[in-house]
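Reading through the structure tokens given below for one structure.
2 protein chains.
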Amino acid sequence: MSTAANLLSWIASANDHPDFPLQNLPLGIFSPQGQSPRGGVAIGERILDLKVACEAGLFEGEAKAAAEAASGDSLNAFFALGAPARRALRAALLELLGEGSPALDRMKALGEALLPAMHDCQLHLPARVGDYTDFYVGIHHANNVGKLFRPDNPLLPNYKYVPIGYHGRASTVCVSGTPVRRPVGQTLPPGQEVPSFGPSKRLDYELELGIWIGQGNKMGDSIAIGEASEHVAGFCLLNDWSARDVQAWEYQPLGPFLAKNFASTVSPWVVTAEALEPFRTAQPPRPAGDPQPLPYLLDAQDQAHGGFDIELEVLLLTAAMREQGLEPQRLALSNTQNMYWTVAQMVAHHSVGGCKLQPGDLFGSGTLSGPEPSQFGSLLESTFGGKQPLTLANGEQRTFLEDGDEVILRARCRREGYASIGFGECRGVLLPAKA
Amino acid sequence: MSTAANLLSWIASANDHPDFPLQNLPLGIFSPQGQSPRGGVAIGERILDLKVACEAGLFEGEAKAAAEAASGDSLNAFFALGAPARRALRAALLELLGEGSPALDRMKALGEALLPAMHDCQLHLPARVGDYTDFYVGIHHANNVGKLFRPDNPLLPNYKYVPIGYHGRASTVCVSGTPVRRPVGQTLPPGQEVPSFGPSKRLDYELELGIWIGQGNKMGDSIAIGEASEHVAGFCLLNDWSARDVQAWEYQPLGPFLAKNFASTVSPWVVTAEALEPFRTAQPPRPAGDPQPLPYLLDAQDQAHGGFDIELEVLLLTAAMREQGLEPQRLALSNTQNMYWTVAQMVAHHSVGGCKLQPGDLFGSGTLSGPEPSQFGSLLESTFGGKQPLTLANGEQRTFLEDGDEVILRARCRREGYASIGFGECRGVLLPAKA
Chain A
1 MSTAANLLSW IASANDHPDF PLQNLPLGIF SPQGQSPRGG VAIGERILDL
51 KVACEAGLFE GEAKAAAEAA SGDSLNAFFA LGAPARRALR AALLELLGEG
101 SPALDRMKAL GEALLPAMHD CQLHLPARVG DYTDFYVGIH HANNVGKLFR
151 PDNPLLPNYK YVPIGYHGRA STVCVSGTPV RRPVGQTLPP GQEVPSFGPS
201 KRLDYELELG IWIGQGNKMG DSIAIGEASE HVAGFCLLND WSARDVQAWE
251 YQPLGPFLAK NFASTVSPWV VTAEALEPFR TAQPPRPAGD PQPLPYLLDA
301 QDQAHGGFDI ELEVLLLTAA MREQGLEPQR LALSNTQNMY WTVAQMVAHH
351 SVGGCKLQPG DLFGSGTLSG PEPSQFGSLL ESTFGGKQPL TLANGEQRTF
401 LEDGDEVILR ARCRREGYAS IGFGECRGVL LPAKA
Chain B
1 MSTAANLLSW IASANDHPDF PLQNLPLGIF SPQGQSPRGG VAIGERILDL
51 KVACEAGLFE GEAKAAAEAA SGDSLNAFFA LGAPARRALR AALLELLGEG
101 SPALDRMKAL GEALLPAMHD CQLHLPARVG DYTDFYVGIH HANNVGKLFR
151 PDNPLLPNYK YVPIGYHGRA STVCVSGTPV RRPVGQTLPP GQEVPSFGPS
201 KRLDYELELG IWIGQGNKMG DSIAIGEASE HVAGFCLLND WSARDVQAWE
251 YQPLGPFLAK NFASTVSPWV VTAEALEPFR TAQPPRPAGD PQPLPYLLDA
301 QDQAHGGFDI ELEVLLLTAA MREQGLEPQR LALSNTQNMY WTVAQMVAHH
351 SVGGCKLQPG DLFGSGTLSG PEPSQFGSLL ESTFGGKQPL TLANGEQRTF
401 LEDGDEVILR ARCRREGYAS IGFGECRGVL LPAKA
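Here the protein sequences come in this chain order: A and B. Okay, so the first sequence: first residue is 1 according to the UniProt record's numbering, each after it adds one. Okay, so the second sequence: first residue is 1 according to the UniProt record's numbering, each after it adds one.
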């Protein structure tokens, strides 16, 4: 088992690493100091430089082709190769980076050039995003938000049949660490009939799972539910920044637009399906009486293994907390078990009418809140529409985000008998609106 | 004046050409027979091959840089150069292709290699579409459709303040001539509470103006209304195919998704602002009592010249008509004067919150219906929601599109004292749903 707890790496920092033990091996794009972007693999506190590894001849066969595709300045070509190539690369990496590596001497001789320290490297967006689609599969979020926007009609009749999604903006998907500027826009102040214009006053985060698409399909074709998982290249965290006041005024009848398109932040590492295998679950149970998915969304294997048990966390670090030397404070802890639809159902639905999915397309799950307030994945929910401020440990209060606030998403998988793995962080600090 | 009626070309087919006289000079991407895609300029029944023209040294200075940027397999690099480069190229083309061209002998010596016949060439999508945004600025369409979906509330309160738009699917923007497959999907039959799954039964076209974005802006910046026109690289026709039954069931609360993302067809030629200059108008007058645009959408120059007088036409060619040897039948004749918001207002609004616009991004205007039934730009409107079938000249009836129907969009500009120019065609034939 490539995910067993007892697998160790000869790179000491990988063993018991909270995010990147040998069992994880997520891929990303990074620049070593003073050098150009290239593909790499996170291992403990280091990154395996795939460009250097390829040049040193560390891979053979299908793994070599996969490593070469992943060694450029984006992972799109690697995603396009599909799941078998990814698995071949993983097998080779487990051998190279594991205890008793047959290439240990050659790798040690390459030193920092092959395995630079992660903190010396700059991390980039892992792929050029072709299209970005945001789903809405967090049913507790849909219920909570529905109550605020439509008190008498929170969950619309289509919700339990259709994996609801909408097209987002690809050009402003940015990597963790990119500062986000508070947007200006039109809003309708309460009780007014004429909109105001200015900086958003209700700026929010959204805690989401991100899904990177692999091979995809041609226009006019579709991806069957039974094959959908093979078209997923990997997973990340996604913060779908949202200007709630802009959203409330603009979103009818065609959906969110400027309220969401100023920034969406993703974590830099692409965690693979193979690394997540021990944390698979059945599709989370649905409330009694809910309808069966329509046949094109129903697959026995997906019902049995299409869910994930991934802890998702939002933390906040305010400007004052930074000055006071405080650690980020957790605002919510949720889980991917709150997804009403599986990732395979999202892929099958998206493509069923012939929409072309391409390597490097990005899906967001939608906000994954749990049923309890401590599990709410947005401030809109945690403050009940801005009506009940949160009081932070240092005495500060928040209804929505203030300038200088840094939002940090984390994800971790734990299971008895398996090494824990993590996603790394998805961070973004909020800059003041432009004067 | 580079647009005066009396300018003639030494290429005979250009003079009095309904679409592509010397005054137009639209750019596109094409493949000469057996050769790779490259940039070209439509002139009469021919295409000036920019790759061959560059290799022959026909350009100098800024025009040379522009022609080189436009000679690759997409126009993105050319769009990125911005308006001054585009104007320099136009000035050079007018001289090269006009009567008394100083390079006449060299060009004639190059013959078909420089100026292949358009009907021998394959036309491609002119640019890689980064993001595609569809607006909703046709106020008569918004009213007509609003009445069908929300009889008591056709035009929402935000319509006259916000240039409503939503993100569409970039991966399925395709060039004229690409067959479109009827999508399958979920729909809710009238009177039912459980959705059905199958081929869309209410497949429709939408008559839109397409807008190609030029230089664009960085994430977090915005484009002021006074500068917005400089960020438009050109114009085309756009058919935003729509599955109305899918749309009605899925679109709440986040907007159209599978109902629109299976295909959007554009015409291959990018008509420039310079060619359209004589057909500029003031922003079309708004109904008395309508609010002023907010200051970020208000610019004196745009108010005076931000409109266009472009005739827009939808034609239908059914399978039976093709067999009978009939010409396509006009279904509607409309005009860009039906835009409630100008193109500059769309650009300024889209970017005001910091959304990054990039060279090759595509906007659709939304369906540009006029107030009269003969001006309705979709079957949804022309058949009053499918309730009043259209009877065609050959006796066939249509509520929505049938397999084998070909939808053809055309656009033409006419003004006394100026040469007429056209956009060429935007065609697509509907294939049956996949078995």
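Heads up, the beta-carbon is just placed ideally off N, CA and C, and yes, glycines get one too.
- The count of Cβ pairs closer than 8 Å, one atom from the stretch 54-69 of chain A and one from the stretch 9-20 of chain A, stays below three, leaving the stretches out of contact.
- Within the same chain, and ignoring the five residues on either side of A/P389 in sequence, the residues whose Cβ sits closer than 8 Å to its Cβ are T383, Q397, R398, T399.
- Within the stretch 352-366 of chain A, those residues whose Cβ lies closer than 8 Å to any Cβ of chain B are, in chain order, V352, G353, G354, C355, K356, L357, Q358, D361.
- Counting C-beta atoms within 10 angstroms of its own C-beta, B/A4 has fewer than 16 neighbours from the protein chains shown and is therefore classed as exposed.
- Using a CB distance cut-off of 8 Å, A/E250 counts as an interface residue toward chain B.
- Pairing B/Y205 with B/V314 gives a Cβ-Cβ distance under 8 Å.
- When the alpha-carbon of A/S13 is set against those of A/G34, A/P26, A/E45, the nearest one is in A/E45.
- Neighbourhood of B/Y296 in chain A, by CB distance below 7 Å: F197, in chain order.
- Around the Cβ of B/S334, a 10 Å sphere holds 16 or more other Cβ atoms; the residue is buried.
- Of all C-beta pairs linking the stretch 337-355 of chain A to the stretch 251-263 of chain B, three or more are shorter than 8 Å, placing the two stretches in contact.
- In the pairwise beta carbon analysis, the stretch 225-245 of chain B is classified as touching the stretch 414-433 of chain B: at least three pairs are separated by under 8 Å.
- With fewer than 16 other beta carbons inside 10 angstroms of its own, A/N153 counts as exposed.
- When only Cα atoms are considered, B/R410 and B/V270 end up about 14 Å apart.
- Separation of B/G168 and B/P157 (C-alpha to C-alpha, rounded to the nearest whole angstrom) is 23 Å.
- Residue environment for B/T272: buried (at least 16 other C-beta atoms within 10 angstroms of its C-beta).
- For B/W249, the enclosing alpha helix (DSSP H) starts and ends at 244-250.
- Here DSSP, grouped into helix, strand and coil, assigns B/Q345 to helix.
- CA-CA distance, B/N24 to B/L97, rounds to 12 Å.
- Closer than 8 Å to the CB of A/P253 there is at least one CB belonging to chain B.
- In the structure shown, B/S222 adopts coil according to DSSP, grouped into three states.
- Note on A/D49: 16 or more other CB atoms within 10 angstroms of its CB, so buried under the neighbour-count rule.
- Relative to A/L203, the option among A/V175, A/V180, A/S222 whose CA is nearest is A/V180.
- Just so you know, the alpha carbons of A/S9 and A/K64 end up roughly 21 Å apart.
- Residues of chain A whose Cβ lies closer than 7 Å to the Cβ of B/R181 are, in chain order, G220, G354.
- Against chain B, the beta carbon of A/V184 has neighbours under 7 Å at V352, G353, listed in chain order.
- Residue-level contact by beta carbon holds for B/I164 and chain A, with a gap shorter than 8 Å.
- No Cβ-Cβ contact shorter than 8 Å links A/R128 with A/E274.
- For A/Y340, no chain B residue has a C-beta closer than 7 Å to its own C-beta; the minimum C-beta separation is roughly 15 Å.
- At least 8 Å separates the beta-carbon of B/T187 from that of B/W241.
- Per DSSP, the unbroken beta strand (DSSP E) holding A/H167 starts and ends at 165-167.
- If you draw a 10 Å sphere on the C-beta of B/A142, you find 16 or more other C-beta atoms in it, and that means buried.
- Contact annotation: in the stretch 139-169 of chain B, residues whose CB is within less than 8 Å of a CB in chain A are G146, F149, R150, L156, P157, N158, Y161, V162, I164, G165, Y166, H167, G168, R169.
- Residue range 379-382 is occupied by the alpha helix (DSSP H) that includes B/S382, with no beta strand (DSSP E) assigned at that position.
- The alpha carbon of A/L94 has as its nearest neighbour, out of A/L7, A/R150, A/E68, the alpha carbon of A/L7.
- Considering only beta carbons, the part of the stretch 264-294 of chain A lying closer than 9 Å to chain B consists of P291, L294, in chain order.
- Any Cβ of chain A closer than 8 Å to the Cβ of B/L258 would place that residue at the interface, and such an atom is present.
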